[in-house]
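Below you'll find the structure, written out as structure tokens, and then a few comments.
Protein chains: 2
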Amino acid sequence: MPKLYWEDFVAGGVAEYGPRLVTRDEIVAFAAEFDPQPMHLDEEAARATMLGGLAASGWHSCVLQMRMIADGFVLASASMGSPGVEEVRWRAPVRPGDRLTVRSTVLETRASNSRPGMGLIKFQFDMLNQSGTCVMTSVSTMMIGRRPPDRGAA
Amino acid sequence: MPKLYWEDFVAGGVAEYGPRLVTRDEIVAFAAEFDPQPMHLDEEAARATMLGGLAASGWHSCVLQMRMIADGFVLASASMGSPGVEEVRWRAPVRPGDRLTVRSTVLETRASNSRPGMGLIKFQFDMLNQSGTCVMTSVSTMMIGRRPPDRGAA
Chain A
11 MPKLYWEDFV AGGVAEYGPR LVTRDEIVAF AAEFDPQPMH LDEEAARATM
61 LGGLAASGWH SCVLQMRMIA DGFVLASASM GSPGVEEVRW RAPVRPGDRL
111 TVRSTVLETR ASNSRPGMGL IKFQFDMLNQ SGTCVMTSVS TMMIGRRPPD
161 RGAA
Chain B
11 MPKLYWEDFV AGGVAEYGPR LVTRDEIVAF AAEFDPQPMH LDEEAARATM
61 LGGLAASGWH SCVLQMRMIA DGFVLASASM GSPGVEEVRW RAPVRPGDRL
111 TVRSTVLETR ASNSRPGMGL IKFQFDMLNQ SGTCVMTSVS TMMIGRRPPD
161 RGAA
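So the sequence lines, in the order shown, correspond to chains A and B.
So that you can map any letter, position 27 of the first sequence is 37 in the working numbering, and since no number is skipped, the others follow by simple counting.
So that you can map any letter, position 40 of the second sequence is 50 in the working numbering, and since no number is skipped, the others follow by simple counting.
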């Protein structure tokens, strides 16, 4: 796979990553380590909550998305990291056995003013389950290296 | 500890949670599972990046913060979860051996229009390292149950 530079991303570009199956054991193990609220740990306790049954921590969805986009394109790119996240919305529960995919849309690209070798790309990410229900939306910006003058297009 | 309800949080209220030591092994293990970019996995590769050395994934900071606030107050509250996050800014690298704390500030509280038993609280969270450097700021909203009529103040 040729390396992806900032120039390879254009506004309106759409791609899909995954799928990733989420197991009950993973949901409970993540929650026990990072977000030990009853609705993420215990089926019976979860039934009494707004989620109506065991559901993954919203942060678990975030990091599963990170792993899907890492495998999908970030590791193949000249990624320089990210300054942060503009918005995350947890829209529907992620359940044990869900098969998640991520659809990315390039919202905007711009060159960096301060670093000539870098560009910024604003993405929208939509995480969907196997039924096509959108479980999470987010907007975040990545910093990606620009193509060096001696490299051809990917 | 008496249970915390929505009424117990007031705009301007500040609290501090943690500390939490972050080890090199944890940084690398989290990155290997969820964000396997070289700057989070390998000291030598990381030295060549903008981070200038091994640093935790920004998502790792997010989930460590979740755990600190869970232990700090969420598990003692009538938490009903969260609709999402307004903003996350990764401001400085989190390094192996850092001792992190989280300072929370209540920005705003409001009753839910749709659910009379619930209120919303908007927090700003500032994550600091042992030198007082702010490594992450974020704004997010929590849904918390209102105090039932038969319960006195905490």
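Quick reminder that beta carbons are idealized off the backbone N, C-alpha and C, glycines included.
As the structure is a prediction and not an experimental result, all values here were calculated from the model.
What is the DSSP secondary structure of B/Arg57, counted as helix, strand or coil?
helix
CB-CB under 7 Å to B/Ile37, same chain, minus the five flanking residues each way: which ones, in chain order?
His50, Leu64, Ala66, His70, Pro106
Return the residues of the segment 100-120 of chain B that lie within a Cβ-Cβ distance of less than 7 Å from chain A, sorted by chain order.
Trp100
Can you list the residues of chain A that B/Thr59 reaches, using a CB-CB cut of under 9 Å?
Met90, Gly91
Contact criterion: CB-CB distance below 8 Å. Does B/Pro46 meet it with respect to chain A?
For B/Pro46, the answer is yes, since a Cβ of chain A falls inside 8 Å of its Cβ.
Using a 10 Å radius around the Cβ and a threshold of 16 neighbouring Cβ atoms, would you call A/Gly22 buried or exposed?
exposed
To the nearest angstrom, report how far apart B/Met128 and B/Thr115 are at their CA atoms.
20 Å
Output the boundary residues of the beta strand (DSSP E) element that contains A/Val24.
In the DSSP assignment, A/Val24 falls within the unbroken beta strand (DSSP E) covering 24-31.
Report back the beta-carbon spacing between B/Asp108 and B/Gln75 to the nearest angstrom; my notes put them in contact at under 8 Å.
Their Cβ separation, rounded to whole angstroms, is 13 Å, which puts B/Asp108 and B/Gln75 out of contact at 8 Å.
Can you tell which of B/Ala88, B/Arg34, B/Thr33 has its C-alpha closest to the C-alpha of B/Glu17?
Closest by alpha carbon: B/Ala88.
Can you check which of these residues, B/Phe135, B/Leu14, B/Phe44, B/Leu61, is closest to B/Arg77 by C-alpha distance?
Residue nearest to B/Arg77 within the set B/Phe135, B/Leu14, B/Phe44, B/Leu61 is B/Phe135 (criterion: CA-CA distance).
On the premise that A/Leu110 lies in contact with A/Phe133, defined as a C-beta separation below 8 Å, what is that separation, rounded to the nearest angstrom?
Rounded, the Cβ-Cβ distance is 17 Å, inconsistent with contact.
Does the beta carbon of A/Ala21 sit closer than 8 Å to a beta carbon anywhere in chain B?
No - not a single Cβ of chain B is within 8 Å of the one on A/Ala21.
Could you list which residues in chain B have their beta carbon closer than 9 Å to that of A/Leu73, in chain order?
Here residue 73 of chain A turns out to be Val, not Leu, going by the sequence shown. Going along chain B in sequence order, the residues near A/Val73 (Cβ under 9 Å) are Phe40, Glu43, Phe44, Asp45, Ser67, Trp69, His70, Cys72, Val73.
Starting from the Cα of B/Thr143, find the closest Cα among B/Pro158, B/Tyr15, B/Ile131, B/Val104 and give me that residue.
B/Val104
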